[in-house]
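Down below is the structure, laid out as structure tokens.
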Amino acid sequence: MSFFNKQQFDLLNTWAKQKYHKNDVDHQSAYKGLANIYRLVEQWTDSLQTQVFPNGRIDIRKSPVNQAQKFESYMWGKIYPSTNSPKALAYTVGFNTEGLNIKIDTVSLKGNDEKRKRYLEVRGEFTSSGIVSQLPINDALALSLEQIVEWSTSQIKGFQFTYEQLAKKIGLSDSNEFPYIEKCNNSIAFEKFINKKGLNKKIFDDAIRVIHEAEPRFDLYNINQESSPLRFGSKDNTKKPGKVAGMFVIEKGQLNLYFTKRYDREEAKKIPLNLDLKSNEALINEVLKGQLATFQENGLCGDSRWPTFYGEVESISDDGNKGGGPLGAHSPLNQILYGPPGTGKTYHCIEAAVKAADPLLHKSIVDNTVESDDLTVREKLENAYKLLVAKGQIRFVTFHQSYGYEEFVIGLTARTKGKQLTYFEKDGVFKEICDEAKTYRETITVKSSESFITCWQAFVEKFSEVETGIEIQTVSGKSSINVYDIDNDVIRFDKKIGTSVHSLNVKTLKAIFDKKRVIKGGLEPYYAALIKYIKSLADNNSSTHIERKNYVLIIDEINRGNISKIFGELITLIEPSKRLGAKDELEVILPNSEEPFSVPDNLYLIGTMNTADRSLAMMDTALRRRFDFIEMMPQPELFKGKEVKGIDLELLLKTMNKRIEVLYDREHTLGHAFLIPVLNALDSGEENAEVSAFIELKSTFKNKIIPLLEEYFFEDWNKIRLALGDNRKEKSELEQYIFVKSKNEEYSKIFGENHGLETYEDTKTTYTLADFNAQYSVWNSPIAYQAIYDDTLLKSPANTNDDANEVPSLSAQ
Numbered sequence: 007m008s009f010f011n012k013q014q015f016d017l018l019n020t021w022a023k024q025k026y027h028k029n030d031v032d033h034q035s036a037y038k039g040l041a042n043i044y045r046l047v048e049q050w051t052d053s054l055q056t057q058v059f060p061n062g063r064i065d066i067r068k069s070p071v072n073q074a075q076k077f078e079s080y081m082w083g084k085i086y087p088s089t090n091s092p093k094a095l096a097y098t099v100g101f102n103t104e105g106l107n108i109k110i111d112t113v114s115l116k117g118n119d120e121k122r123k124r125y126l127e128v129r130g131e132f133t134s135s136g137i138v139s140q141l142p143i144n145d146a147l148a149l150s151l152e153q154i155v156e157w158s159t160s161q162i163k164g165f166q167f168t169y170e171q172l173a174k175k176i177g178l179s180d181s182n183e184f185p186y187i188e189k190c191n192n193s194i195a196f197e198k199f200i201n202k203k204g205l206n207k208k209i210f211d212d213a214i215r216v217i218h219e220a221e222p223r224f225d226l227y228n229i230n231q232e233s234s235p236l237r238f239g240s241k242d243n244t245k246k247p248g249k250v251a252g253m254f255v256i257e258k259g260q261l262n263l264y265f266t267k268r269y270d271r272e273e274a275k276k277i278p279l280n281l282d283l284k285s286n287e288a289l290i291n292e293v294l295k296g297q298l299a300t301f302q303e304n305g306l307c308g309d310s311r312w313p314t315f316y317g318e319v320e321s322i323s324d325d326g327n328k329g330g331g332p333l334g335a336h337s338p339l340n341q342i343l344y345g346p347p348g349t350g351k352t353y354h355c356i357e358a359a360v361k362a363a364d365p366l367l368h369k370s371i372v373d374n375t376v377e378s379d380d381l382t383v384r385e386k387l388e389n390a391y392k393l394l395v396a397k398g399q400i401r402f403v404t405f406h407q408s409y410g411y412e413e414f415v416i417g418l419t420a421r422t423k424g425k426q427l428t429y430f431e432k433d434g435v436f437k438e439i440c441d442e443a444k445t446y447r448e449t450i451t452v453k454s455s456e457s458f459i460t461c462w463q464a465f466v467e468k469f470s471e472v473e474t475g476i477e478i479q480t481v482s483g484k485s486s487i488n489v490y491d492i493d494n495d496v497i498r499f500d501k502k503i504g505t506s507v508h509s510l511n512v513k514t515l516k517a518i519f520d521k522k523r524v525i526k527g528g529l530e531p532y533y534a535a536l537i538k539y540i541k542s543l544a545d546n547n548s549s550t551h552i553e554r555k556n557y558v559l560i561i562d563e564i565n566r567g568n569i570s571k572i573f574g575e576l577i578t579l580i581e582p583s584k585r586l587g588a589k590d591e592l593e594v595i596l597p598n599s600e601e602p603f604s605v606p607d608n609l610y611l612i613g614t615m616n617t618a619d620r621s622l623a624m625m626d627t628a629l630r631r632r633f634d635f636i637e638m639m640p641q642p643e644l645f646k647g648k649e650v651k652g653i654d655l656e657l658l659l660k661t662m663n664k665r666i667e668v669l670y671d672r673e674h675t676l677g678h679a680f681l682i683p684v685l686n687a688l689d690s691g692e693e694n695a696e697v698s699a700f701i702e703l704k705s706t707f708k709n710k711i712i713p714l715l716e717e718y719f720f721e722d723w724n725k726i727r728l729a730l731g732d733n734r735k736e737k738s739e740l741e742q743y744i745f746v747k748s749k750n751e752e753y754s755k756i757f758g759e760n761h762g763l764e765t766y767e768d769t770k771t772t773y774t775l776a777d778f779n780a781q782y783s784v785w786n787s788p789i790a791y792q793a794i795y796d797d798t799l800l801k802s803p804a805n806t807n808d809d810a811n812e813v814p815s816l817s818a819q
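If you count by the working numbering, then the sequence shown holds residues 7 to 819, one letter each, in order.
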């Protein structure tokens, strides 16, 4: 039922800004009508505050006439997120002459106030502002109070800035009241957390102080998760995940300190924090003291760093195990992970897929709220990925130059069974996953006879029990058919009269069953008969409960396919605003099957793209506008402090990438994944770990880096020499450590006099790559690698006793 009606909008449009005469009967009637609108606005304001800002308050004037004794053109209410929010800034909801709106706005500030001026600069143009949302009259008339509150909530969540961020930007926040919260406020997730129901900022602020001052010392850092954004433990100044000792969480309105069962703790420990600050402090210190040995043995102690020290926010919690990544708190419907080779696109794609398909499962893994053996977070994510693939919720496809619409969406195919040739529409992977996702778009309970899945399963079970087929009467009762064969695509039957064999399409049967398609012609009676029969197999007294599920389609190498050829007219349907269930949902008629088709809002598309194959700038514009692009660049800092026989892995990768970026571009740099096997060998804990790591490094150069550089520079060996720094070694003590040797050859010495070659030069520069397999190859020398990045080696005599002979050649392995 509509909450506001058209007469109310008409009333406001008629009387807005008119002078109010209190003795005029018409004016008195208008006043009462507009005052009633204000009461509705108050209900809206109160419901929104209760649901979204339970610790906040509202303020509403209620009079439809302003101080100038003119009728208002805007009925509005103010919501303050907390009792101590600054009075000059509020969320405002309003009923106006054009519809409804919600925004963050300053109140009671004059136009010449500096804070008001800064606000207007941040807000920008009203109609396109990131902190203003408007709902036209026609749309507003279709909504109930609950739906208006739901709309308001979704708009607030989508605002460009939170209330706290905006208050800071315009100079209204009081950063001294809760100094420890302020020190930890380094993410949007944290700001949302501190406005959650049940959080007493004074208790939270004091608990942070206690943790910061406690012995042992801990680092405090942010996680980009609204459920528990502040953690403490050990985290150095790198992008590596921190090792979490504990975290703050809110459960049923109660702020708690939470410790998992990891690191050999006997059980998970939860400390509810109450209003007695001294009691909280004593309890926290008691627990920390009792687990001191565990913290120290597992390297969970830090250096009292604050979240602002790191300048970045982790996306997940990870106790030092690999598995974290640059993925945000929410999964966009369409996203592409892009970057140079070896930057972890496929690696992070697994986490992105699990997160989109089953957010609760993903959260339980990364938060470690569910314990399982001694598996790392990464191993748990991989197991979850395999499980979801087995369930059909995650599917995988690779684009290539020959891939087309027929394979991706729908095409015609033929099948021969016996002597019968059958043509039918074959669904591609995209249409298949869309159709299945639509079945699980909503959490509903239906009669078993109204669920196609239930009815079809009953039919398949019935068919498996018979040997001669199933005879089904037509709806008219004048004839019958005998179904003698079924599979996932086709139902084959014959009639009593005649010898011809007929077939029905299972997908078409489902579409007719779900009343999404009407078929006319000779096959219509047979589809109708089959639907009537399979419905009769289901128990009318039972019900089927369907839970909403998310589906994920991973498109590997998305940039290698012809997007127009593959998606066709469906490129528009993948937009979030055009999905099934969205406000502007669209559907098209598929050319082969002539059935309506739309893309559901519970299907997530995740693409991967190697920028070395194709630049982002060269991507199909239609695709670029419809996907969120998440850049994944090399992370040399992952190897900070890691050395293999004196070779600094971080500097090695960083220096080579800097040169490649200058010689080519940043999209063709070397990913950190190339050196991960080296790091794994180094951290293996084996007796000869460093020797194994050096062999891995040499193998990486031989089998990955050098071939990739050849491809990048089209075998321009001079540029490869520059990337390796060989040009700097010439005419120095390091000349013996050159990987690619150059030599000038005179044509006359090669061909003799009168060679007749028409060239501008009489010499040719040739290049020779050092043999990897020679026993005393330069590739076996740690100094050769060090010289790639270390300028000091060029200024002093090289240490020729560099234990090169200690490292065997690859041919010996």
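Quick reminder that beta carbons are idealized off the backbone N, C-alpha and C, glycines included.
Note that the structure is predicted; figures quoted are calculated from it, not measured.
Between residue 696 and residue 650, the gap from beta carbon to beta carbon is short of 8 Å.
A straight-line Cα-Cα distance of about 7 Å links residue 665 and residue 728. In this structure, the alpha-carbon of residue 539 lies about 24 Å from that of residue 444.
If you compare the alpha carbons of 30, 91 and 10 with that of residue 150, the shortest gap goes to 10.
C-alpha of residue 351 to C-alpha of residue 562: approximately 10 Å in a straight line. In the structure shown, residue 132 adopts helical secondary structure according to DSSP, grouped into three states. Counted as a single uninterrupted DSSP element, the stretch harbouring residue 438 is not any beta strand (DSSP E) but the alpha helix (DSSP H) occupying residues 435 to 445. Three or more pairs of CB atoms, one per stretch, sit closer than 8 Å, so the segment 85 to 98 contacts the segment 171 to 178. Here residue 751 carries a strand assignment [DSSP, helix/strand/coil]. In the DSSP annotation of this structure, residue 39 is not part of any beta strand (DSSP E); the continuous alpha helix (DSSP H) holding it starts and ends at 31 to 58.
In the DSSP assignment, residue 610 falls within the unbroken beta strand (DSSP E) covering 609 to 616. According to DSSP, residue pairing for residue 254 in a beta bridge involves 263. Residue pairing from DSSP places residue 551 in a beta bridge opposite 451. Under the three-state reduction of DSSP, residue 631 is assigned to helix.
Taken through DSSP and simplified to helix, strand or coil, residue 98 comes out as strand. The alpha-carbon of residue 660 is positioned some 46 Å away from that of residue 278.
With 16 or more other Cβ atoms from the protein chains shown falling within 10 Å of its own Cβ, residue 585 counts as buried. Residue 521: not part of any beta strand (DSSP E); DSSP gives it neither H nor E. Per the C-alpha coordinates, the member of 259, 44 and 680 positioned closest to residue 705 is 680. Here the segment 104 to 111 makes no contact with the segment 62 to 76; the two share fewer than three CB pairs at distances below 8 Å. The alpha-carbon of residue 758 is positioned some 57 Å away from that of residue 689.
The closest CA to that of residue 672, considering only 718, 628, 527 and 163, is found on 718.
In terms of CA proximity to residue 454, 551 leads the group 265, 82 and 551. When secondary structure is reduced to three states using DSSP, residue 371 falls in the helix class. DSSP, reduced to helix, strand and coil, places residue 781 outside both helices and strands of the structure shown, so it counts as coil. Contact between the segment 571 to 578 and the segment 408 to 418 is established, with three or more Cβ pairs separated by less than 8 Å. Here residue 653 is bridged, per DSSP, to 650. A residue is called buried when at least 16 other Cβ atoms come within 10 angstroms of its Cβ; residue 354 meets this threshold and is buried.
Nearest to residue 340 by alpha-carbon distance, out of 635, 678 and 722, is 635. For residue 248 against residue 263, the beta-carbon gap comes to about 16 Å, at or over 8 Å, which does not count as contact. Contact between residue 402 and residue 564 does not hold, since their C-beta atoms are separated by about 12 Å, which reaches or exceeds 8 Å. Secondary structure note for residue 188: its alpha helix (DSSP H) is the uninterrupted segment 185 to 190. Within the DSSP secondary-structure output, residue 481 pairs in no beta bridge. The segment 301 to 315 and the segment 227 to 239 touch, with three or more beta-carbon pairs separated by less than 8 Å. Following the DSSP letters along the chain, one finds residue 286 inside the alpha helix (DSSP H) bounded by residues 283 to 296. Contact check for residue 641 against residue 678 passes: the beta carbons are separated by less than 8 Å.
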